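Under this note's numbering, the residues of the sequence shown are numbered 24 to 194, in order. Every residue, glycine too, gets a C-beta built ideally from N, C-alpha and C. This structure is a prediction, so every number in the text was calculated from the model and none was measured. Below is one structure; the comments refer to it alone.
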Amino acid sequence: MLISDLLFLVPTFAVLAIFMVLRWLRKSRPRRVAEAKLPSNAILVDGSNVMYWGQEPSSLVVLRVLRNLEEKGYTPIVFFDANVGYVLDDHYYNEAKIAWLIGVPARHVCVVDKGVVADQGILSFATDYNLRVVTNDKYRDWRVKFPHADKKGVLVGGTWRDGAVIWRGSL
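Below you can see the structure in the form of structure tokens.
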């Protein structure tokens, strides 16, 4: 009886081992937000900032802001702090999980690594690709290093009120 119990557990452990190896491989690969070419209508979104545009952090607010941008003809590229999953839930969210939640392709999402300052990644990416940034953050601490953020119209702010996106300034 004991041997038959052990034979039953072998496939379970094999599947678990395969799952763990695949997870390790996925985490060890460098993540890329943009492939070789960004869409000409790309706009960068500070997802960790936008999720606070409502009363409390919400993926729904991010989702609605993204849909509004798409309706206006933009393709959003969204950056999040490493703790986004812990803010919205009780565990880590990778690009695939948050992309599914907010309805964008995973290749258009970046969850920065733990210990990495998301603001630096956002501004570096925006500078490299000459993108506007949807955020209420003024990035004052980063403007010397990233003068792109100081240009008029680069930072686009907004709010979430009564179920609608209200933009500050023009898109």
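DSSP three-state call for residue i: helix, strand or coil?
i      : result
Pro99  : strand
Asp185 : coil
Arg163 : helix
Please list, in chain order, all residues of the same chain as residue i whose beta carbon is under 7 angstroms from its beta carbon, the five residues on each side excluded.
i      : result
Asp136 : Ala105
Roughly how many angstroms separate the alpha carbons of residue i and residue j, rounded to a whole number?
i      : j      : result
Pro80  : Lys60  : 31 angstroms
Leu89  : Thr150 : 21 angstroms
Gly77  : Arg87  : 11 angstroms
Leu92  : Thr98  : 7 angstroms
Thr182 : Ser147 : 24 angstroms
Arg191 : Gly126 : 24 angstroms
Ala187 : Ala122 : 21 angstroms
Asp173 : Arg163 : 9 angstroms
Lys50  : Tyr116 : Residue confidence is low: Lys50 scores 44 on pLDDT, short of 50, so the model does not pin down where it sits. Its coordinate-derived value is still stated next. Cα-Cα distance, rounded: 12 angstroms.
Name the residue from the options whose alpha carbon lies nearest to the alpha carbon of residue i.
i      : options                        : result
Val132 : Ile189, Gly138, Glu118, Ala187 : Glu118
Leu124 : Phe103, Gly144, Gly138, Asp142 : Phe103
Val134 : Thr182, Leu154, Tyr109         : Tyr109
Arg166 : Asp142, Ile189, Gly186, Arg184 : Asp142
Using C-beta distances below 6 angstroms, list every residue in its chain close to residue i, excluding the 5 sequence neighbours before and after it, in chain order.
i      : result
Arg155 : Ile66, Val177, Val179
Got a sec? Which residues, its chain only, sit under 8 angstroms from residue i by beta carbon, not counting five neighbours each side?
i     : result
Leu45 : Unreliable positioning characterises Leu45 in this predicted model, as indicated by a pLDDT of 49, which lies under 50. The coordinate reading is nonetheless provided below. Correct list: empty, nothing qualifies.
Legend entry - Whole beta strand (DSSP E) elements within the region 84-161, 3-residue minimum: For the region 84-161, whole beta strand (DSSP E) runs of length 3 or above, ordered along the chain, are 98-103, 132-134.
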